[in-house]
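Input: a single structure, listed below in structure tokens.
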Amino acid sequence: MKHADQNEVDLLLRSLARNSGDSSARSDDALSEHLDADELNAFAEGVLPEGARTRYSAHLADCPSCRGIVINLTQAAGVAVRPPAVTERSPSSLLQQLSALFSQPVLRFVVPAIVLASILGIGLLVLQQDQPGEFIAKHEPSQQTSSLDDTNQAKPADSPSQTAAPSGAAPTPLQSVVTPTADEPKGESGGRAAGAGVSQEPVIARKEADAQPAEATPTFAPDLNAPAAPPPLPAYTARDRAQTLAKEEAAKREDQAERADEVKVQTSEGVDDRRKLGAAAKAGTRPAQPANVQGLMRERGEDEDKNKKDSTGRTDSRTVSGKRFVRKNNQWVDSAYDSSRGTTNVKRGSEQYRALVADEPGIRPFAEQLSGEVIVVWKGRAYRFY
Amino acid sequence: MSHRLEQIDNLCFEGASRLSARAADNYGVSPDSLGIRIKSAVQKYLLRDDENASTSVINDFVDKLQADDLCLIVACEEGNEKAWDDLVTRFSTTVRSAARSASANEEGADDLAQSIWAELHGLRRGAGGQPAGKLAYYSGRGSLAGWLRAVVAQLAIDQHRKQSRLVQTEEDADFDRIIQDGHDRRGWSGRDAGVNPEVETSQKLAGADMQHALSRAIQQLSAEDRLLVKLYYFDGLRLKEAGAVLGVHEATASRRLTRVHSDLRQQVERILMDEKGWTKSETDVAFSEVAVHLETDIEPILATDPMLTNKENKIAG
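Line by line, the protein sequences are chains Z and R.
The first sequence begins at 1 in my numbering and counts up one residue at a time.
The second sequence begins at 1 in my numbering and counts up one residue at a time.
Right under this line is the structure:
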């Protein structure tokens, strides 16, 4: 209705302008005087004081001639127009400032920035949590020597205070390696000491570990019994050291077993191990031989052997498909094998291997269920899988 | 009172010193000469509307004067040849451009431009040696270029009036005939619609009453609103152009025009009811009926608009 009213007035005004012309306009003669050039220009440029502007507006409304000049001057000069009377909203109150902070344009950039910062922060935290393991291993060079000595010579341990600090540290990957083998009888302090000992062991020399193959050869055995005196070495990662030490310890143990009676060793070695562990547990410095065994097992992929351990922890004989295998020289040797006989070497995965298992499918379980080197006697012939 | 005049004099002459100091080239114009000109401008634009203008208002007014342009014009008025050379050099293009837009052809533009320079230069001194002519009217409030354009436009209109008094051109006669034809054809008579003569007469009378009331209502508007109505409806400017003349944005002009419509409607109704004895319903019916007739008649009117508008502009120019 209001719009219609305005439309009617608009039409009336248009009609009035066309019919009667500017009826309110006074003729040039009737006007006492027109605005002078300075007044016209000042009005057109909008630089008049308010009072003068109103006065001249009244004249211009009634004087088409002056109005025409002002129109031309305005259009020629391209007079800058004042912006619309919209009050600028300035964040005056705290609420307005806060609402401005959470406005959509701001959030569009802030939210991705916060997400990115969170990801970076979590990444840094994870990295920092990995650091303590290395840190502990790096700062125990002197204790490492003593613990190696203890390990090799089965000496009474140092005072527990020496291991107290590392054991009190945050659990490391090394300690988690120890845990699965901690099923042997031991006191709580011994277990804690063993864990502490493991954390100290990674300080063994990497050069020695690298020079020594995973399956230790007999030529290394005598040296390993000698008191080790590793020089201060650069720090390695805890996992590397654990694996290296595990290999070394396994080689030592097998050497000792070989020097003894091959058959008796299977039981005596376990007893010996337990003795050593017990002594170390009492001393609190035993470098966690079970961890070494576990490391060796992990390296050889023999985790499945854990299921076959007996209560004494013996793992040196297995039976596969009715054949009994004995662990000798880091090999699974068929009990029917005569060492005087020659073997046919077959590499797993090779063309020869595939041809053999295709012709003799019955031999396949021995090669696949036993890892590492395996000597199998099959139909009168000895095969060595490696 | 004398104290007030003395105070204003002091303010003007102090302002003249400041103005002379901030001018890039004051052409050696004395602060006294500038002070007289400044005082005249203060009286004309400020004190005439507000006799009690404060010191800060006066100082602000003086400090907003165009220092370079005012010194140049005062120097020209004093006969400074260098100032004249500078004036011609700097503003000949402006004068030429303004003369071309105010003239129908190049020849007329040349004549107009020459007339401007001759008038400015030749009349710079009166018979008594006092400043005379158009140079004395420049206050420095607006730009010198704009002032020169206004001078050219005024001179062009003066020349046109002189010629119009002597002879009414054939073109103007045609224009008047067209307007008269338009008046005869449209109007609010509605005779072309074939309506009842009684109704026609009634509508005609009602339309005349409304037209009269509307004219009076327009006169009762404020100066700014009345100027807006004239610019928009009578001069045919668009809202943007009308807003530029008024110094407001197009949106502001639009809002103001909407309010003016409402004010005019109320005012017309009041005049018709108070002076003609109409009822409210009668005014409403009259508005709607008139609007219907105008809407039906507006198309042929609009069809002639370009010709009319061009002619009006020519005459105004």
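Cβ coordinates follow ideal geometry from the N, Cα and C atoms, glycine included.
All values reported here derive from a predicted model rather than from experimental measurement.
Out of the options, which has the shortest C-alpha to C-alpha gap to residue i?
| i | options | result |
| --- | --- | --- |
| I218 (chain R) | R:A206, R:Y232 and R:L205 | R:Y232 |
| E39 (chain Z) | R:R161, R:E106, R:I38 and R:G142 | R:G142 |
| R318 (chain R) | R:V248, R:S288, R:R161 and R:C12 | In the structure as shown, chain R starts at 1 and stops at 317, and residue 318 (chain R) therefore has no counterpart that could be examined. |
| D62 (chain Z) | R:A153, R:V248, R:T94 and R:D225 | R:D225 |
| H121 (chain R) | R:D50, R:E250 and R:E81 | R:E81 |
| R149 (chain R) | Z:R53, Z:A77, Z:F102 and Z:I114 | Z:A77 |
| A244 (chain R) | Z:G46, Z:A52 and Z:V326 | Z:G46 |
| G362 (chain Z) | Z:L116, Z:V377, Z:G372 and Z:A44 | Z:V377 |
| G140 (chain R) | R:L65, R:P31, R:A83 and R:E282 | R:L65 |
| D158 (chain R) | R:L228, R:L112, R:Y45 and R:L11 | R:L112 |
| M210 (chain R) | R:D9, R:S30, R:A102 and R:R270 | R:R270 |
| R256 (chain R) | R:D284, R:W278 and R:L227 | R:L227 |
| R364 (chain Z) | Z:R354, Z:G372 and Z:N329 | Z:R354 |
| S321 (chain Z) | Z:S339, Z:G51, Z:Q369 and Z:V110 | Z:Q369 |
| D86 (chain R) | R:G79, R:A156 and R:L72 | R:L72 |
| Q267 (chain R) | R:Q220, R:R48, R:E6 and R:N52 | R:Q220 |
| L205 (chain R) | R:D32, R:W84, R:S254 and R:V290 | R:V290 |
Should residue i go down as buried or exposed, given a rule of 16 or more other Cβ atoms within 10 Å for buried?
| i | result |
| --- | --- |
| Q331 (chain Z) | buried |
| G331 (chain R) | Since the first residue of chain R shown is 1 and the last is 317, residue 331 (chain R) is not available in this structure. |
| A367 (chain Z) | buried |
| H3 (chain R) | exposed |
| K162 (chain R) | exposed |
| D69 (chain R) | buried |
| T93 (chain R) | exposed |
| A42 (chain Z) | buried |
| R18 (chain Z) | buried |
| K347 (chain Z) | exposed |
| T55 (chain R) | exposed |
Just the chain Z side, please: which residues come within less than 7 Å of residue i by C-beta, in chain order?
| i | result |
| --- | --- |
| Q154 (chain R) | A37 and I69 |
| V29 (chain R) | What V29 (chain R) touches in chain Z: nothing, since even the nearest Cβ is about 18 Å away. |
| V74 (chain R) | Neighbours of V74 (chain R) on chain Z: none; closest Cβ ~14 Å, over 7 Å. |
| L5 (chain R) | Within 7 Å Cβ-Cβ: nothing; L5 (chain R) doesn't reach chain Z, min ~19 Å. |
| L227 (chain R) | S57, L60 and A61 |
| L46 (chain R) | P49 |
Within 7 Å of any Cβ in chain R, is that where the Cβ of residue i sits?
| i | result |
| --- | --- |
| L125 (chain Z) | no |
| E33 (chain Z) | no |
| A61 (chain Z) | yes |
Which residues does DSSP list as the beta-bridge partners of residue i?
| i | result |
| --- | --- |
| R381 (chain Z) | Z:W378 |
| N345 (chain Z) | Z:R384 |
| E373 (chain Z) | Z:Q331 |
| R318 (chain Z) | Z:F325 |
Got a sec: is the Cβ-Cβ distance from residue i to anything in chain Z below 7 Å?
| i | result |
| --- | --- |
| D50 (chain R) | yes |
| F91 (chain R) | no |
| A286 (chain R) | no |
| A109 (chain R) | no |
| K230 (chain R) | yes |
| A303 (chain R) | Bear in mind that a pLDDT of 48 at A303 (chain R), under 50, signals an unreliable position, so the number given afterwards is only what the model happens to contain. No, its Cβ sits nowhere closer than 7 Å to a Cβ of chain Z. |
| R37 (chain R) | no |
| F13 (chain R) | no |
| L214 (chain R) | yes |
| G247 (chain R) | yes |
| L19 (chain R) | no |
| L272 (chain R) | no |
| L135 (chain R) | no |
| N10 (chain R) | no |
| L120 (chain R) | no |
| L294 (chain R) | yes |
Residue i touches chain Z at which residues, Cβ-Cβ below 8 Å?
| i | result |
| --- | --- |
| E224 (chain R) | T54 and S57 |
| V88 (chain R) | None at all; the shortest Cβ gap to chain Z is about 18 Å. |
| Q211 (chain R) | L12, S15, L16, N19 and S20 |
| D69 (chain R) | The contacting residues do not exist; D69 (chain R) stays about 11 Å from chain Z at best. |
| E241 (chain R) | I71, T74 and Q75 |
| G147 (chain R) | Correcting the residue identity first, residue 147 (chain R) is Trp in this sequence and not Gly. By Cβ distance, chain Z contributes A37, D38 and N41. |
| D235 (chain R) | P64, R67, G68 and I71 |
| V151 (chain R) | A37 |
Using a cut-off of 7 Å between C-beta atoms, extract the partners of residue i located in chain C.
| i | result |
| --- | --- |
| G51 (chain Z) | Annotation note: the requested chain C is absent from the structure, which comprises protein chains Z and R. |
Counting only Cβ pairs nearer than 8 Å, list the residues of chain R close to residue i.
| i | result |
| --- | --- |
| V47 (chain Z) | K64, R141 and G142 |
| A113 (chain Z) | Simply none; closest approach about 38 Å. |
| A44 (chain Z) | G142, G146, A150 and V245 |
Which residues in chain Z have a C-beta closer than 9 Å to the C-beta of residue i? List them in chain order.
| i | result |
| --- | --- |
| A113 (chain R) | Going along chain Z, no residue has its Cβ under 9 Å from A113 (chain R), so there is no contact; the nearest lies around 15 Å. |
| L264 (chain R) | V9, L12 and L13 |
| V290 (chain R) | E8, L11, L12 and S15 |
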